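Residue numbers (the numbering used here): 4 to 243.
C-beta atoms are modelled at their ideal positions from N, C-alpha and C, and glycine is treated no differently.
Remember, it's a predicted structure, so these values are computed and weren't measured experimentally.
One structure is given here, and the rest of the page talks about it.
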Amino acid sequence: MKKQFFIFLSVLAGMLAIMSPAAAQNGATECGNGTVTVAFTAPGNLTDFTCLTVPTAERAPDGQPLTAAKLESAAVVFNQLRTANPISPELTVFPVSGLSAVNSEIYQKAVDLTALINSVTTNGIAAITGDVPVLPLQEKPQLMSALPTVLTPQGINGLRFLTAFDDASAGVTNNNIVYAFQGLSVDGRNIVSVLFPIQHSALTAPATAPREYNWAALPEDGWTPRLSDLDEIIKSITLR
């Protein structure tokens, strides 16, 4: 009987860690892990979301890649935005206090991102001199940080940009390009990360020199989803 009870608890814990987020009365969707709750408003054509929570941070085991670390977080997966891109379409919030409990390389990424956002808040886009640090860490190298734009949801300072994660020889294609937002709550307690796979109708061949490519020349109407529509999701984000 005791063994069956423990099995029941294990199954229940798994159900609580992966659940559908509840819709609030104002039409926003939210997800929380007990430490932080993120809410947002999505356009009417997006209705399929999954809430993923990690209540406690865990270091990546010795000998394992840093991507094996578990970061304390509350994340919403936008299931309808999945593509052939291996990047999962997610809005994730990481409490900064939890990042200090994982591998030092991951925490340093958070420190670098925080410093950049604070610098951009003070000095503008000109403060960006290289790639925007991205959490969570990805398996492939970052190929660019294009079209950086300041977005400031309620109580959050951050940057929206286009990026890609792949081997340099692959170039940027519709199978690896990503709409990204990296933000920091004004109280410094939470990092907000958004990674959405996107595609453009004119990107028919790999951009083999993505840092020099004229991304601004691509028509807005060619993006799927439209960048402006994704910007509206970012602007609606709130934390509590």
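Best match in N179, F164, R163 for proximity to P144 [C-alpha to C-alpha]: Residue 144 sits at position 141 when you count from the first residue of the sequence shown. Of the listed residues, the one whose Cα sits closest to P144 is N179.
Cβ neighbour criterion (16 or more within 10 Å) applied to S172: Looking up residue 172 in the sequence shown gives position 169. Exposed, because fewer than 16 other Cβ atoms sit within 10 Å of the Cβ of S172.
Reference L154; option with closest CA among Q185, E142, A167: On the sequence shown, residue 154 is found 151 positions in, with the first residue counted as 1. Considering only alpha carbons, the answer is Q185.
Spatial distance of S91 from N82 (CA atoms): Position 88 of the sequence shown, counted from the first residue, corresponds to residue 91. Position 79 of the sequence shown, counted from the first residue, corresponds to residue 82. Cα-Cα distance, rounded: 9 Å.
Span separating the alpha-carbon of G127 from that of H203: Taking the sequence shown and counting its residues from 1, the one referred to as residue 127 is at position 124. Taking the sequence shown and counting its residues from 1, the one referred to as residue 203 is at position 200. So the alpha carbons of these two residues sit roughly 28 Å apart.
N217 burial status per 10 Å Cβ neighbour count (16 or more: buried): Within the sequence shown, numbered from 1, the residue matching residue 217 stands at position 214. Exposed, by the Cβ-count rule.
Contact belief for S148 with F164 at Cβ below 8 Å, rounded distance in angstroms: On the sequence shown, residue 148 is found 145 positions in, with the first residue counted as 1. On the sequence shown, residue 164 is found 161 positions in, with the first residue counted as 1. Between F164 and S148 the Cβ distance is about 5 Å, and since that is below 8 Å, they are a contact.
Proximal residues to P151 (C-beta, below 6 Å), its chain only, five neighbours per side dropped: Taking the sequence shown and counting its residues from 1, the one referred to as residue 151 is at position 148. Counting only Cβ-Cβ distances below 6 Å, and skipping sequence neighbours, we find I128, I131, L162, F164.
Of the residues A113, T95, E93, the one placed nearest L102, counting alpha carbons only: Taking the sequence shown and counting its residues from 1, one reaches residue 102 at position 99. Closest by alpha carbon: A113.
L146 versus A77, F43, T176, residue with shortest Cα-Cα distance: As a position in the sequence shown, residue 146 is number 143, starting the count at 1. If we check each option's Cα against that of L146, T176 comes out closest.
Q202, DSSP secondary structure in three states: Residue mapping note: residue 202 aligns to position 199 of the sequence shown, counting from 1. Strand at Q202.
Contact check, P64 vs N193, beta carbons under 9 Å: Here residue 64 is taken as the residue at index 61 of the sequence shown, counted from 1. Here residue 193 is taken as the residue at index 190 of the sequence shown, counted from 1. Cβ distance not < 9 Å, so P64 and N193 don't count as in contact.
8 Å Cβ shell around R229 - same chain, five flanking residues per side excluded: Position 226 of the sequence shown, counting from 1, holds the residue named residue 229. Closer than 8 Å at Cβ, skipping near neighbours: E223.
Q145 - partner residues in DSSP beta bridges: Here the question's residue 145 lines up with position 142 in the sequence shown. According to DSSP, Q145 bridges with F168.
Proximity of T95 and S239 at Cβ, strictly below 9 Å: Along the sequence shown, one-based indexing puts residue 95 at 92. Along the sequence shown, one-based indexing puts residue 239 at 236. No, the pair does not count as a contact, with Cβ atoms beyond the cut-off.
Residues sharing a beta bridge with G161, DSSP: The count along the sequence shown starts at 1 and reaches residue 161 at position 158. Paired residues: L154, G186.
Spatial distance of T59 from K73 (CA atoms): Translated into the one-based positions of the sequence shown, residue 59 becomes position 56. Translated into the one-based positions of the sequence shown, residue 73 becomes position 70. Roughly 8 Å between the two C-alpha positions.
For E235, the first and last residue of its enclosing beta strand (DSSP E): Here residue 235 corresponds to residue number 232 of the sequence shown, with the count starting at 1. Here E235 belongs to no beta strand (DSSP E); instead the alpha helix (DSSP H) covers 230 to 238.
Inter-residue CB distance, P200 and L84 (contact presumed, cutoff 8 Å): Residue 200 sits at position 197 when you count from the first residue of the sequence shown. Residue 84 sits at position 81 when you count from the first residue of the sequence shown. At roughly 6 Å, the Cβ-Cβ gap stays under 8 Å, so P200 and L84 are in contact.
Inside the stretch 79 to 127 only - beta strand (DSSP E) runs reaching at least 3 residues: 93 to 98
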